[in-house]
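Student: Handing you this structure, nothing more for now.
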Ligand code: PGA
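In my numbering, the protein residues as written are 12 to 258.
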């Protein structure tokens, strides 16, 4: 399976920095020798989306959103961003249920499921983020915890629609901490997730991925790619990661 590398720029960059980085990455990606081995998705802020789309025009790099309004209706929803607007801009992926959304914005499993189904209905591909906090890992209860997140996130999704879904396993304690999971443990969790999902869909690893550890994760059994946060806004790091994935 082609490796999928997703860059989550979070709210790290200004508009200008986002445009500059999208341009540099698009140039770098055009230099990759084996472009067919890797798919790259950039998730800028909503504000930078249109300019990023222009910068990526004509490249194979795809666009993703970091979040979305939960439903497929237009209307009086102050402050929200609609799926059809994103689709018009050429967005193909949407992060759903990122741990920062769950934690800081109190997104429930039910809301996450609504967002996921709305994303599919709009013809886009949801990347369902799951992962346990340290309190759960310490008690070795992570499999039950992640199974529940996967099942509730995918509730009501038909077998046919499952092929649009990507899952990103991101242990919460590994996100932005410089303390990644081990490739072996990530690999075991990916195998577990595959037992819960009744279709062969890509499962990515995320949580303190950088240029140094990317190789080990990319070669861990069952890891189909990576969701990269902090290291994706550092051009040098990210270009090394995509070059390794393209090998
Ligand atoms: P990190 O973030 O790579 O900075 O740990 C990953 C993520 O939150 O998706």
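Think of the CB as a built atom: it goes at the ideal place given N, C-alpha and C, for glycine as much as any other residue.
Would you kindly work out how many angstroms separate the C-alpha atoms of residue 145 and residue 69, rounded to a whole number?
Tutor: Position 134 of the chain shown, counted from the start, is the residue given in the question as residue 145. Position 58 of the chain shown, counted from the start, is the residue given in the question as residue 69. The straight-line gap separating the alpha-carbon atoms of residue 145 and residue 69 is approximately 42 Å.
Student: Within the present structure, is the beta-carbon of residue 132 separated from the nearest heavy atom of the ligand PGA by less than 7 Å?
Tutor: In the chain shown, the residue the question calls residue 132 occupies position 121. Checking every heavy atom of the ligand PGA against the Cβ of residue 132, none is found closer than 7 Å.
Student: Taking the straight line between their C-alpha atoms, what separation do you get for residue 252 and residue 19?
Tutor: Translated into the one-based positions of the chain shown, residue 252 becomes position 241. Translated into the one-based positions of the chain shown, residue 19 becomes position 8. Straight-line Cα distance between these residues: approximately 14 Å.
Student: Measure the C-alpha to C-alpha separation of residue 250 and residue 229 and round it to an integer number of angstroms.
Tutor: Walking along the chain shown from the start, residue 250 turns up at place 239. Walking along the chain shown from the start, residue 229 turns up at place 218. So the alpha carbons of these two residues sit roughly 15 Å apart.
Student: Decide yes or no for the touch test of the stretch 185-201 against the stretch 115-124: beta carbon pairs closer than 8 Å, at least 3 of them.
Tutor: no
Student: What's the C-alpha gap between residue 86 and residue 198?
Tutor: Numbered from its first residue, the chain shown carries residue 86 at position 75. Numbered from its first residue, the chain shown carries residue 198 at position 187. Distance between the alpha carbons of residue 86 and residue 198 is about 43 Å.
Student: Determine the closest residue to residue 34 out of 53, 66 and 159, with distance taken between C-alpha atoms.
Tutor: Start at 1 with the first residue of the chain shown, and residue 34 comes out as number 23. For the residues 53, 66 and 159, the minimum Cα distance to residue 34 belongs to 66.
Student: Would residue 142 and residue 182 qualify as a contact pair, given that the criterion is a beta-carbon distance under 8 Å?
Tutor: On the chain shown, position 131 is the one that residue 142 refers to. On the chain shown, position 171 is the one that residue 182 refers to. Yes, the Cβ-Cβ distance between residue 142 and residue 182 is below 8 Å.
Student: Can you have a look at residue 247 and say buried or exposed, based on whether 16 or more other CB atoms are within 10 angstroms of its CB?
Tutor: If you number the chain shown from 1, residue 247 lands on position 236. With fewer than 16 Cβ atoms within 10 Å of its Cβ, residue 247 is classed as exposed.
Student: If I'm right that residue 104 touches residue 135 with Cβ under 8 Å, what's the distance once you round it to whole angstroms?
Tutor: What you label residue 104 is simply residue 93 of the chain shown in a count that begins at 1. What you label residue 135 is simply residue 124 of the chain shown in a count that begins at 1. Indeed they touch by this definition, with Cβ atoms about 7 Å apart.
Student: Using CA coordinates, which residue listed in 28, 50, 147 and 41 is at the minimum distance from residue 213?
Tutor: If you number the chain shown from 1, residue 213 lands on position 202. Ranking the options by Cα distance to residue 213, first place goes to 50.
Student: Using a Cβ-based criterion (distance less than 7 Å to any ligand heavy atom), does residue 227 qualify as near the ligand PGA?
Tutor: Mapped onto the chain shown, residue 227 falls at position 216. Every heavy atom of the ligand PGA is 7 Å or more from the Cβ of residue 227, so no.
Student: Residue 221 lies in the alpha helix (DSSP H); which residues open and close that run?
Tutor: Counted from its first residue, the chain shown places residue 221 at position 210. Per DSSP, residue 221 belongs to no alpha helix (DSSP H) and is neither H nor E.
Student: For the alpha helix (DSSP H) holding residue 103, just list the boundary residues, first then last.
Tutor: In the chain shown, counting from the first residue as 1, residue 103 sits at position 92. Residue 103 -> not in any alpha helix (DSSP H); beta strand (DSSP E) instead, spanning 102-107.
Student: With burial defined as no fewer than 16 other Cβ atoms inside 10 Å of the residue's Cβ, what is the status of residue 42: buried or exposed?
Tutor: Locating residue 42 in the chain shown gives position 31, where the first residue counts as 1. Under this definition residue 42 is an exposed residue.
Student: Just the C-alpha distance for residue 232 and residue 140, rounded to the nearest angstrom, thanks.
Tutor: The count along the chain shown starts at 1 and reaches residue 232 at position 221. The count along the chain shown starts at 1 and reaches residue 140 at position 129. Within the model, the alpha-carbon separation for residue 232 versus residue 140 is close to 19 Å.
Student: If residue 200 sits next to residue 16, beta carbons under 8 Å apart, how far is it from one beta carbon to the other, in whole angstroms?
Tutor: Taking the chain shown and counting its residues from 1, one reaches residue 200 at position 189. Taking the chain shown and counting its residues from 1, one reaches residue 16 at position 5. Residue 200 to residue 16, Cβ: 19 Å. No contact.
Student: Rounded to the nearest angstrom, what separates residue 59 and residue 12 at their Cα positions?
Tutor: For the purposes of this step, residue 59 is identified with residue 48 of the chain shown, where counting begins at 1. For the purposes of this step, residue 12 is identified with residue 1 of the chain shown, where counting begins at 1. Near 30 Å, if we compare the C-alpha coordinates of residue 12 and residue 59.
Student: Say yes only if the C-beta of residue 238 is nearer than 7 Å to one or more non-hydrogen atoms of the ligand PGA, and no if none qualify.
Tutor: Position 227 of the chain shown, counted from the first residue, corresponds to residue 238. Because some heavy atom of the ligand PGA lies under 7 Å away, the Cβ of residue 238 counts as near it: yes.
Student: Below 8 Å between beta carbons: does that hold for residue 110 and residue 186?
Tutor: What you label residue 110 is simply residue 99 of the chain shown in a count that begins at 1. What you label residue 186 is simply residue 175 of the chain shown in a count that begins at 1. Yes, Cβ-Cβ distance for residue 110 and residue 186 is below 8 Å.
Student: Would you call residue 25 buried or exposed, if buried means 16 or more other Cβ atoms sit within 10 Å of its Cβ?
Tutor: If you number the chain shown from 1, residue 25 lands on position 14. Classified as exposed, residue 25 has fewer than 16 neighbouring CB atoms from the shown chains inside 10 Å of its CB.
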